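If you're matching them up, the sequences are chains U and S in order. Going by our numbering, the letters in the first sequence line up with residues 1008 to 1346, in that order. Going by our numbering, the letters in the second sequence line up with residues 1008 to 1346, in that order. Working notes, beginning with the structure itself.
Protein chains: 2
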Amino acid sequence: MTSRFLEACWRRPVDRPPVWVMRQAGRYLPEYRAIRRKAGDFLTLCRTPELAADVTLQPVRRFGLDAAIVFSDILTPLVPLGIELSFTPGPHIGNPIRHPSDVRRLTVPVPWTGTGFLDETLERVRQALDPDTALLGFCGAPWTLASYLVEGTTSRSFTRIKQFALTFPGAFAGLADRLADAMAAYLRSQVEHGAQAVQIFDSWLGTLGREDAREWALAPAVRLFEQLGDLGVPRIYFANGAGHLLDELASMPCEVIGIDWRTGLSEAAAKLGGHAIQGNLDPGVLMGPPEVIRQRTLAMLAQAPRTGYIANLGHGITPDVPVSHMTAFVRTVQESHHA
Amino acid sequence: MTSRFLEACWRRPVDRPPVWVMRQAGRYLPEYRAIRRKAGDFLTLCRTPELAADVTLQPVRRFGLDAAIVFSDILTPLVPLGIELSFTPGPHIGNPIRHPSDVRRLTVPVPWTGTGFLDETLERVRQALDPDTALLGFCGAPWTLASYLVEGTTSRSFTRIKQFALTFPGAFAGLADRLADAMAAYLRSQVEHGAQAVQIFDSWLGTLGREDAREWALAPAVRLFEQLGDLGVPRIYFANGAGHLLDELASMPCEVIGIDWRTGLSEAAAKLGGHAIQGNLDPGVLMGPPEVIRQRTLAMLAQAPRTGYIANLGHGITPDVPVSHMTAFVRTVQESHHA
């Protein structure tokens, strides 16, 4: 078995860049929407291994992608910690964290339990996948999860979480550490059930200036990554909106840094030479005509490093993208060849 | 008359950095909320000079700020172009631009008309202001206005505007040029009625990678700024989320660059030596305890250039900030002195 994706994560030579897309199993796919209707609500879909496995495999079958990412949401592993989670349709936390005493009521199961549905989904997907296609597990980064826990939903201004971190620095650090430890156990379980690489999504990293990012986001992400070092699988950090943090990211203990489309690909490759780079076409480009998508994808590939590069979007694919536009992106990468 | 604010815009020595705050006339102020209730809806408040002038002056009276910014919204001058605008409470455009033919129906009044209420507000404010306090006019940047016009409301993913720009590049360029010309006429009118500096808000600049930012945002902003060169007032470009665009911003034909809190202040000052810098405390910091606000503000001032610097937040103040926290920020700047 030689996975083009895993080889690229380890910065070994490959015939062409591997390609997958964040949120590749999603609403832009008619076959996803059909299963989503069948499942009823989103959390039921996540928690039904037969359906979640099917949804995970859909984009791989359709596009021949180099990696599948298990279908779930970054917030589902918060439920075993005692969090009341619903989607209406955006995420809503019924018992948000507003005070240091709320942090103490978060209980991390040791050993990790409560996400058996995901383990079963991983096993089903791994059995069905072509051996050359890699299977990714994932979780949210401590800062991003803490933001949801304190804000209670998707925020625009992140004032509640910043208020919490500034007012109760000890409690915030405790919360971030607890989340790092919980997510390390959660990812370990994913690897034990078939995940061959893990991605940590720091979706809200870009809300922080450099000093705060170091303390509130990067330090707990390091704590999480360091607990995964013995697993022997590539660790990917999706550092969304972190063009101002490249110097800090250079020392992140992981194999791959995922960058968004505002961050320059060649600049990131130059500064992050010790990591593979993943990204970073603007998801908005997939709204343009296929010929433009093709040109923009080729321009991205031209800036990419020769080894240690994984083609992807710079953020999740949006629901309004025509399937043929996703095809244009994926095919352009697949038809590229290292000279 | 010597305005500390205007002197700093022109990069002349001042006794201490001038200070004002984006959205300083806003919902965090109880006296604002009282007038807002009296006015009924937001657009009525903008269009009633007596009330808009009062609201403009409120934070200046309370905090002794170095600049007042006329109370309005960046979308109000789109109404004279034929746009149906309402706030519910977020902005909503009844006739969004979705096709090139929609661009042709946008008509720019020549000479500029349709915002007489703002001219009257400016005159009222200028008469009431202390002569040393500067009065700012403002508008939205072409990219930001085009985003609202095409999306129809505040967007998260900006897929419609990017689809439009990629699919109809000529029509997008025409739209951006038309907006640049309209805003130039609008700002000219503001200066004729008392504005002593003008700020152009490119709130959505940070949604673009470097190449797209150059073509879709910076080029039309340059077109706008160049039409204002003969007015003799400082031109400020609020380049929100543009830490990846400092090289491009260095040649922007304006006097001041406003930066957000993700952009490093000392790095921006080093790269933008030909401009004064405005910013950039994280608005979220104003949610922290006053002593933390004081420390963070002092840390910001320590990074600021000695001349050509205006203290501000890195984005608008949020409605949930306690008034005493705004006081902590403003006082810390006011009590600082250049050695």
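All C-beta atoms, glycine included, are put in the ideal place defined by N, C-alpha and C. Every value quoted in this text rests on a predicted model; they were computed, and no experiment measured them.
Check, Outcome
"Environment of serine 1196(S) [buried if 16+ CB atoms lie within 10 Å]", "buried"
"CA-to-CA distance, leucine 1072(S) to tyrosine 1193(S), given in whole angstroms", "25 Å"
"Contact set for phenylalanine 1049(U): own chain, Cβ-Cβ below 6 Å, skip 5 residues either direction", "Phe1094"
"Rounded straight-line distance, which links the Cα of proline 1084(S) to that of alanine 1046(S)", "20 Å"
"Chain-ordered residues of the stretch 1134 to 1145 of chain U with a beta carbon less than 9 Å from chain S", "none"
"Test: proline 1084(U) CB closer than 8 Å to a CB of chain S", "no"
"Best match in Pro1241(U), Val1263(U), Gly1271(U) for proximity to histidine 1251(U) [C-alpha to C-alpha]", "Gly1271(U)"
"Endpoints, beta strand (DSSP E) assigned at glycine 1286(S)", "1283 to 1288"
"Which residues DSSP lists as bridging cysteine 1146(U), in chain order", "Ile1207(U)"
"Neighbour list for valine 1110(S) in chain U, Cβ cutoff strictly below 9 Å", "Those within 9 Å of valine 1110(S) in chain U number zero; the least Cβ separation is about 18 Å."
"Unbroken beta strand (DSSP E) run spanning proline 1098(S), endpoints", "1098 to 1100"
"Limits of the beta strand (DSSP E) - the one that isoleucine 1349(S) falls within", "A query on residue 1349(S) cannot be resolved here, the shown segment of chain S reaching from 1008 to 1346 and no further."
"Environment of arginine 1303(U) [buried if 16+ CB atoms lie within 10 Å]", "buried"
"Contact set between histidine 1251(U) and chain S, taken where Cβ atoms lie within less than 9 Å", "Gly1250, His1251, Arg1269, Thr1270, Gly1271, Glu1274"
"Residue interval of the beta strand (DSSP E) (run including serine 1079(U))", "First-last for serine 1079(U): undefined, no H or E at that position."
"Alanine 1060(U), DSSP secondary structure in three states", "helix"
"Proximal residues to proline 1087(S) (C-beta, below 7 Å), its chain only, five neighbours per side dropped", "Pro1116, Thr1120, Gly1121, Thr1122"
"For serine 1093(U): DSSP bridge partner residues", "His1099(U)"
"Length of the line joining the Cα atoms of isoleucine 1142(U) and valine 1337(U)", "One point to set straight first is that residue 1142(U) is leucine, not isoleucine, in the sequence displayed. Going by the C-alpha atoms only, they are around 18 Å apart."
"Integer-rounded CB distance, given that valine 1077(U) should sit under 8 Å from glycine 1144(U)", "6 Å"
"Contact belief for proline 1149(S) with proline 1066(S) at Cβ below 8 Å, rounded distance in angstroms", "Their Cβ separation, rounded to whole angstroms, is 28 Å, which puts proline 1149(S) and proline 1066(S) out of contact at 8 Å."
"Cut-off 6 Å between Cβ atoms - residues of its own chain near glycine 1286(U), not counting five sequence neighbours on either side", "Gly1265, Ile1266, Asn1319, Gly1321"
"Spatial neighbours of aspartate 1327(S) in its chain, beta-carbon cut-off 8 Å, leaving aside the 5 residues before and after", "Tyr1035, Met1294"
"Secondary structure of leucine 1113(S), DSSP reduced to three states", "coil"
"Proline 1262(S) versus alanine 1220(S): straight-line alpha-carbon distance, rounded", "Here residue 1262(S) is glutamate; the residue named in the question, proline, does not match the sequence. Straight-line Cα distance between these residues: approximately 20 Å."
"Three-state secondary structure (DSSP) of phenylalanine 1124(U)", "helix"
"Short CB-CB distance (under 8 Å) between methionine 1333(S) and chain U", "no"
"Spatial neighbours of leucine 1129(U) in its chain, beta-carbon cut-off 8 Å, leaving aside the 5 residues before and after", "Val1077, Leu1142, Gly1144, Gln1197, His1200, Gly1201, Ala1202"
"Buried versus exposed call for serine 1108(S) [16 or more other C-beta atoms within 10 Å across all chains shown]", "exposed"
"Distance, valine 1340(S) Cα to arginine 1301(S) Cα", "9 Å"
"Helix, strand or coil at alanine 1032(S) according to DSSP, with G and I counted as helix", "coil"
"Range of the contiguous beta strand (DSSP E) that encloses phenylalanine 1245(S)", "1242 to 1246"
"Selected residue, minimal CA-CA separation from alanine 1074(S), among Cys1053(S), Ala1032(S), Thr1055(S), Ile1104(S)", "Ala1032(S)"
"Cβ of proline 1296(S) within 8 Å of any chain U Cβ", "yes"
"Neighbourhood of leucine 1013(U) by C-beta, 7 Å cutoff - its chain only, sequence neighbours within 5 removed", "Ala1141, Gln1203, Ala1204, Pro1241"
"Beta carbon of leucine 1125(U) nearer than 8 Å to that of alanine 1191(U)", "no"
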